[in-house]
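What follows is a single structure, written as structure tokens, with notes after it.
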Amino acid sequence: MNYSPIGRGVLQPVLTWGTSCAPGSRFGADNYWISAMYVNVSSREPGYNGCYGGDVMDVAFGDKLYIDMRLKEGTTVWNQTVTNLSNNETVDFDFDLKDQDQNWALFEIEVSTSTLPSSDVIFTDSVLTLAASEPEACTPDSFGPNDYYSAPVASKDGTKCCLERIVLREMGVAATTMDP
6 MNYSPIGRGV LQPVLTWGTS CAPGSRFGAD NYWISAMYVN VSSREPGYNG CYGGDVMDVA
66 FGDKLYIDMR LKEGTTVWNQ TVTNLSNNET VDFDFDLKDQ DQNWALFEIE VSTSTLPSSD
126 VIFTDSVLTL AASEPEACTP DSFGPNDYYS APVASKDGTK CCLERIVLRE MGVAATTMDP
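For what it's worth, the numbering used here labels the leading residue of the sequence shown as 6, then goes sequentially.
See below:
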């Protein structure tokens, strides 16, 4: 496996309140917005150190977002597409990772300020597709003390991992949804 030809960057669609390093960032925004991004602070490779991203899209509280990340067949280019299922608006971003393998899927709340999320962050019907059979990769290896995830289910061939529900709760924020 080739995990660091361009440093330890992260492909990440980022749901943001306020500003971020994303190109087109909504400086001083008082609403949610999302952008498909690649962030790398460890690369010395020209064109890979920093913050890269596609167009941004405003998101209203309660909107459901469909996020698709995939390696374009026959290339080393990854595509991230975010579709707002409430209004069918879409943004996407392509980025060539120079054949760098991807080996983590992170569902995470990054808090860069003292402002905490005011409600649970919920992911539903998440499917991770692996290049080779690895059913043991279906089990999360870390999660926050207040987080919840449904029992992961591996496909029969071991190349897909399905999680029906993931709930992230920032420390100090009361639960706003019930877990089964």
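Here a beta-carbon is modelled for each residue, glycine too, at the ideal position from N, C-alpha and C.
- Between W83 and L16, the gap from beta carbon to beta carbon is short of 8 Å.
- In this structure, G52 sits away from A41, with a CB-CB distance that is not shorter than 8 Å.
- Taking C-beta separations shorter than 8 Å and ignoring five residues to either side along the sequence, the partners of I11 in its chain run N45, S48, E50, Y53, L102, K103, Q105, following chain order.
- Secondary structure in the region 52-94: the beta strand (DSSP E) runs of 3 residues or longer, each lying completely within the stretch, are 55-64, 70-76, 82-89 in chain order.
- When the beta-carbon positions are compared, I72 and P140 stay at least 8 Å from each other.
- Contact between the region 125-141 and the region 160-176 is established, with three or more Cβ pairs separated by less than 8 Å.
- By the criterion of a C-beta distance shorter than 6 Å, N93 is surrounded by no residue of its chain, once the five residues flanking it on both sides are discounted.
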